[in-house]
Amino acid sequence: MACRGLANKPAPRAKSNLVVFNTTACLLRVPLVHSPVNCPGIVIAALRGGSGKTITSVGIIAALRNRGSTVAPFKKGPDYIDAGWLALAAGRPCYNLDTFLIATPIIQNSYFAHTQGTDVAVIEGNRGLFDCINTEGQTSTAELAKLLDLPVILCLDVTKTTRTMAAVVAGCAQFDSGLRIEGVVLNHVAGARHEKIVRDSIEQHCGIPVVGAIPKQRKQLFPERHMGLVPTYEHQWAQEAVGAIAELAEKYLDLSALGAIARHRRQTSPTLTSTVNPSPAETLVQVQAVSSPDHFRPRIGVLRDSAFQFYYPENLDALVQAGADLVVTSPLFEDNLPDVDALYIGGGFPETHAGRLAKNITYREQIKLLADQGLPIYAECGGLMYLGQQLTLEEGTFPMAGVLPLCFGFAKRPQGHGYTMLSVARPNPFFKLGQAIKGHEFHYSTVQNCTANPESLAFDVERGSGVVNGRDGLCYRNVLATYTHIHALGTPQWAPALVACARNFHQKRTTVKSS
0 MACRGLANKP
10 APRAKSNLVV
20 FNTTACLLRV
30 PLVHSPVNCP
40 GIVIAALRGG
50 SGKTITSVGI
60 IAALRNRGST
70 VAPFKKGPDY
80 IDAGWLALAA
90 GRPCYNLDTF
100 LIATPIIQNS
110 YFAHTQGTDV
120 AVIEGNRGLF
130 DCINTEGQTS
140 TAELAKLLDL
150 PVILCLDVTK
160 TTRTMAAVVA
170 GCAQFDSGLR
180 IEGVVLNHVA
190 GARHEKIVRD
200 SIEQHCGIPV
210 VGAIPKQRKQ
220 LFPERHMGLV
230 PTYEHQWAQE
240 AVGAIAELAE
250 KYLDLSALGA
260 IARHRRQTSP
270 TLTSTVNPSP
280 AETLVQVQAV
290 SSPDHFRPRI
300 GVLRDSAFQF
310 YYPENLDALV
320 QAGADLVVTS
330 PLFEDNLPDV
340 DALYIGGGFP
350 ETHAGRLAKN
360 ITYREQIKLL
370 ADQGLPIYAE
380 CGGLMYLGQQ
390 LTLEEGTFPM
400 AGVLPLCFGF
410 AKRPQGHGYT
420 MLSVARPNPF
430 FKLGQAIKGH
440 EFHYSTVQNC
450 TANPESLAFD
460 VERGSGVVNG
470 RDGLCYRNVL
480 ATYTHIHALG
490 TPQWAPALVA
500 CARNFHQKRT
510 TVKSS
């Protein structure tokens, strides 16, 4: 990349940069034609993380797609990377169903809306089947399966075990009588004899069919980083990996049996409503999405590449629904920031691209200049790091955009990991005082130095790590940067607020230019 010096102003608007994210379904306005009775689907669960849920889910989705089926992929839990692989396998966006971040009626609405026109849904769970935030099972994969009345396929790592797996499956089946475990996939099978003992033990003692047995793989099909898979953006053989997993699924899984399980409904299935009345907050989203007096659509830049890639599709949909056009831009591949009225900088891995980000002086300086002029910017995690002064890694120290008085380092273990709960305690560009926000954080970066005024941190952290001293959400003019990732369906005020700020900035800038 050739960086051509320091620019004093952003590049002129270039129509070629404009990419509008069209929503597949507006959750608040689309008429829902599905009912729970005709939304076939399965939930892929396991006993713990690392048991093969993602490989199984990706394989099923890709194999069914190869057979001509339209598959709606979903991910349970606050995850971007697994969702990227599921989306790649399905050839369509993977939506998130997280019962901590999103209210129950909206979870149902999202599932019903995004399965319209599809043949089957595949939901990948997270962690263990019953793992959750409390002893009542709240936020577990099992809770989601019951909420949507979907059967569970239990993926088991059978390494160095045989008949014991039958006891484990029986325990899971009896633990919650409202849950339907209707199939088992064996993973890491050592051979034909091993498979037969485990298969026969489970089917004879549990009465649950084994619908597949995947042997141990000599080579790793998905590369890994940190606590999960490497994102598809960074894996040049991603499509080839998906193809290899699809071949595994065709060879070792009973896809016909899985399809029959997905279509099966118990005779006493609970009656769930197929339409959801929006809450006042959601109604606010709907009204503000069409209430602009001049119908002007501000342009919101979205930094999207292998450094900044963590975006829920629902968040991008929400910005479009709230009245914005989205412009994809990248500091890895572009010398100049396009002419925009706001920026949304998601999370990702700026540490793996720190050298390239630092060398693009023009782009960094333009962001700093526009932030000083009041450009609305919303940044999460990796975006927060990019807006800081510098990032120090083993290879050296790299200058970042310099918008915020923070210096970052990097640790070998997570510094923030899990769900977060924030209280909006101080003024900021996008959220009202007193508002409660649920989100999640996952980062290895550390704040090495912070010279910010404590009053410029908008959030009090009730659960989670935050930026410093139990606070998160650092503000500067119209910039708000936070370690917490939010989901637009759980925080419906966010998108209209960012779009409104973008519209105001555009109008003020236009007024200044014309005067």
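Sequential numbering of the sequence shown, starting at 0, is according to numbering that gives the first Met the number 0. Think of the CB as a built atom: it goes at the ideal place given N, C-alpha and C, for glycine as much as any other residue.
1) Tell me, please, which residues DSSP counts as bridged to Ser422.
2) According to DSSP, simplified to helix, strand and coil, what is Arg298?
3) Helix, strand or coil for Gly83? Go by DSSP, reduced to three states.
4) In terms of alpha-carbon separation, which member of Gly489, Pro491, Val478, Ala248 lies closest to Lys52?
5) Given 8 Å as the limit, is there contact between the region 401 to 411 and the region 441 to 449, that is, 3 or more CB pairs closer than that?
6) When burial is assigned at 16 or more other CB atoms within 10 Å of the CB, is Gly387 buried or exposed?
7) Residues in its own chain within less than 7 Å of Asn427 by CB, not counting five upstream and five downstream?
8) Within 8 Å, do at least three Cβ pairs link the region 78 to 89 to the region 192 to 207?
9) Is it true that the CB of Glu379 sits closer than 8 Å to the CB of Thr510?
10) Gln447 by DSSP, collapsed to three states: which one?
11) Helix, strand or coil for Phe111? Go by DSSP, reduced to three states.
12) Across which residues does DSSP place His484 in a beta bridge pair?
13) For Phe307, report the span of its beta strand (DSSP E) as first-last.
14) Would you mind sorting Leu432 into buried or exposed? The rule is 16 or more other CB atoms within 10 Å of its CB.
15) Three Cβ pairs or more, each shorter than 8 Å: is that satisfied between the region 415 to 427 and the region 354 to 362?
16) Cutting at 7 Å between CB atoms, please list the residues of its own chain near Val57, excluding the five before and the five after it.
17) Count the other CB atoms within 10 Å of the CB of Pro39; is the residue buried (16 or more) or exposed (fewer)?
18) Is the region 106 to 125 in contact with the region 435 to 446, if contact means three or more CB pairs nearer than 8 Å?
19) Could you tell me the distance, in whole angstroms, from the CA atom of Arg64 to the CA atom of Pro208?
20) In chain order, what residues of the same chain lie with their CB nearer than 8 Å to the CB of His263, ignoring the 5 residues before and after it?
21) Using CA atoms only, rank isn't needed, just tell me which of Val157, Gly300, Ala82, Arg355 is closest to Val498.
22) Locate the beta strand (DSSP E) running through Lys250, then write down its first and last residues.
23) Is Gly489 helix, strand or coil when you go by DSSP?
24) Within 10 angstroms of its Cβ, does His294 collect 16 or more other Cβ (buried), or is it exposed?
25) At what residues does the beta strand (DSSP E) containing Asp316 begin and finish?
26) On a CA-only basis, which of Ala323, Ile101, Thr55 is nearest Leu257? Give me that one, please.
27) So the candidates are Ala169, Arg179, Gln173; which of them puts its Cα closest to the Cα of Glu202?
28) Would you tell me roughly how many angstroms separate the C-alpha atoms of Gly116 and Pro72, rounded to the nearest one?
29) How many angstroms separate the CA atom of Ile260 from the CA atom of Ile80?
30) Would you kindly work out how many angstroms separate the C-alpha atoms of Lys74 and Gln372, rounded to a whole number?
31) Out of Thr396, Gly489, Ile376, which one is the CA nearest neighbour of Tyr418?
32) In three-state terms, what does DSSP make of Lys74?
33) Are the region 321 to 338 and the region 494 to 508 touching, with three or more C-beta to C-beta distances below 8 Å?
34) Going by DSSP in three states, Val209 sits in which element: helix, strand or coil?
35) Along the chain, where does the alpha helix (DSSP H) that runs through Asp371 open and close?
36) Let me know if Thr140 comes out buried or exposed under the rule of 16 or more other beta-carbons within 10 Å of its beta-carbon.
Let me spell this out:
1) Taking the first residue of the sequence shown as 1, we reach residue 422 at position 423. As computed with DSSP, Ser422 is found in a beta bridge with Ala435, Asp459.
2) In the sequence shown, counting from the first residue as 1, residue 298 sits at position 299. Note: Arg298 maps to strand in three-state DSSP.
3) As a position in the sequence shown, residue 83 is number 84, starting the count at 1. Looking at Gly83 - three-state DSSP - the assignment turns out to be helix.
4) Within the sequence shown, residue 52 is the residue found at index 53, counting from 1. For Lys52, the nearest C-alpha among the options comes from Ala248.
5) Yes: the two stretches touch, three or more of their Cβ pairs being nearer than 8 Å.
6) Counting from one through the sequence shown, the residue named residue 387 turns up at place 388. Counting other Cβ atoms within 10 Å of its Cβ, Gly387 reaches 16 or more and is therefore classed as buried.
7) Taking the first residue of the sequence shown as position 1, residue 427 is located at position 428. Only Ala457, Gly472, Cys474, Leu479 meet the Cβ criterion.
8) Touching, no, given that fewer than three Cβ pairs across the two stretches are closer than 8 Å.
9) As a position in the sequence shown, residue 510 is number 511, starting the count at 1. As a position in the sequence shown, residue 379 is number 380, starting the count at 1. In this structure, Glu379 does not lie closer than 8 Å to Thr510 by Cβ.
10) As a working note, residue 447 is residue 448 in the sequence shown. In this structure, Gln447 counts as strand in the three-state DSSP scheme.
11) Reading the sequence shown from its first residue, position 112 is the one you call residue 111. In this structure, Phe111 counts as helix in the three-state DSSP scheme.
12) Residue mapping note: residue 484 aligns to position 485 of the sequence shown, counting from 1. Answer by DSSP bridge pairing, in chain order: His439.
13) For the purposes of this step, residue 307 is identified with residue 308 of the sequence shown, where counting begins at 1. For Phe307, the enclosing beta strand (DSSP E) begins and ends at 307 to 309.
14) Mapped onto the sequence shown, residue 432 falls at position 433. Result: exposed.
15) No, the region 415 to 427 does not touch the region 354 to 362.
16) Position 58 of the sequence shown, counting from 1, holds the residue named residue 57. In chain order, Trp84, Leu85, Ala88, Val241, Ile244 place their CB closer than 7 Å to the CB of Val57, counting only its own chain and leaving out the 5 sequence neighbours on each side.
17) By 1-based counting over the sequence shown, the position of residue 39 is 40. Buried, because 16 or more other Cβ atoms sit within 10 Å of the Cβ of Pro39.
18) Segments in contact, no.
19) On the sequence shown, position 65 is the one that residue 64 refers to. On the sequence shown, position 209 is the one that residue 208 refers to. Going by the C-alpha atoms only, they are around 24 Å apart.
20) Residue numbering aside, residue 263 sits at position 264 when the sequence shown is read from its first letter. Same-chain partners within the cutoff: Pro150, Glu181.
21) For the purposes of this step, residue 498 is taken as residue 499 along the sequence shown, with counting starting at 1. Nearest Cα to Val498 within the set Val157, Gly300, Ala82, Arg355: Gly300.
22) Stepping through the sequence shown from its first residue, residue 250 is reached at position 251. Where Lys250 is concerned, there is no enclosing beta strand (DSSP E), although the alpha helix (DSSP H) it sits in stretches over 237 to 251.
23) Start at 1 with the first residue of the sequence shown, and residue 489 comes out as number 490. Coil at Gly489, not helix or strand.
24) Looking up residue 294 in the sequence shown gives position 295. Exposed, since its Cβ has fewer than 16 Cβ neighbours within 10 Å.
25) Here residue 316 refers to the residue found at position 317 when the sequence shown is read from its first residue. For Asp316, there is no enclosing beta strand (DSSP E); the residue is found in the alpha helix (DSSP H) stretching over 312 to 320.
26) One-based indexing of the sequence shown puts residue 257 at position 258. Among Ala323, Ile101, Thr55, the Cα nearest to that of Leu257 is on Thr55.
27) Taking the sequence shown and counting its residues from 1, the one referred to as residue 202 is at position 203. Nearest to Glu202 by alpha-carbon distance, out of Ala169, Arg179, Gln173, is Ala169.
28) Here residue 116 is taken as the residue at index 117 of the sequence shown, counted from 1. Here residue 72 is taken as the residue at index 73 of the sequence shown, counted from 1. When rounded, the separation of the alpha-carbon atoms in Gly116 and Pro72 is 13 Å.
29) Taking the sequence shown and counting its residues from 1, the one referred to as residue 260 is at position 261. Taking the sequence shown and counting its residues from 1, the one referred to as residue 80 is at position 81. Distance from the CA atom of Ile260 to the CA atom of Ile80, rounded to whole angstroms, is 27 Å.
30) Counting from one through the sequence shown, the residue named residue 74 turns up at place 75. Counting from one through the sequence shown, the residue named residue 372 turns up at place 373. Roughly 39 Å between the two C-alpha positions.
31) Sequence index remark: in the sequence shown, residue 418 carries index 419 (1-based). In this structure, Gly489 is the residue among Thr396, Gly489, Ile376 with its C-alpha nearest to the C-alpha of Tyr418.
32) Within the sequence shown, residue 74 is the residue found at index 75, counting from 1. The answer is strand: DSSP assigns Lys74 an E or B state.
33) Contact between the region 321 to 338 and the region 494 to 508 is present, because at least three Cβ pairs lie under 8 Å.
34) Stepping through the sequence shown from its first residue, residue 209 is reached at position 210. Strand, per DSSP.
35) Here the question's residue 371 lines up with position 372 in the sequence shown. For Asp371, the uninterrupted alpha helix (DSSP H) segment begins and ends at 360 to 371.
36) For the purposes of this step, residue 140 is identified with residue 141 of the sequence shown, where counting begins at 1. With a threshold of 16 other beta carbon atoms within 10 Å, Thr140 meets it and is buried.
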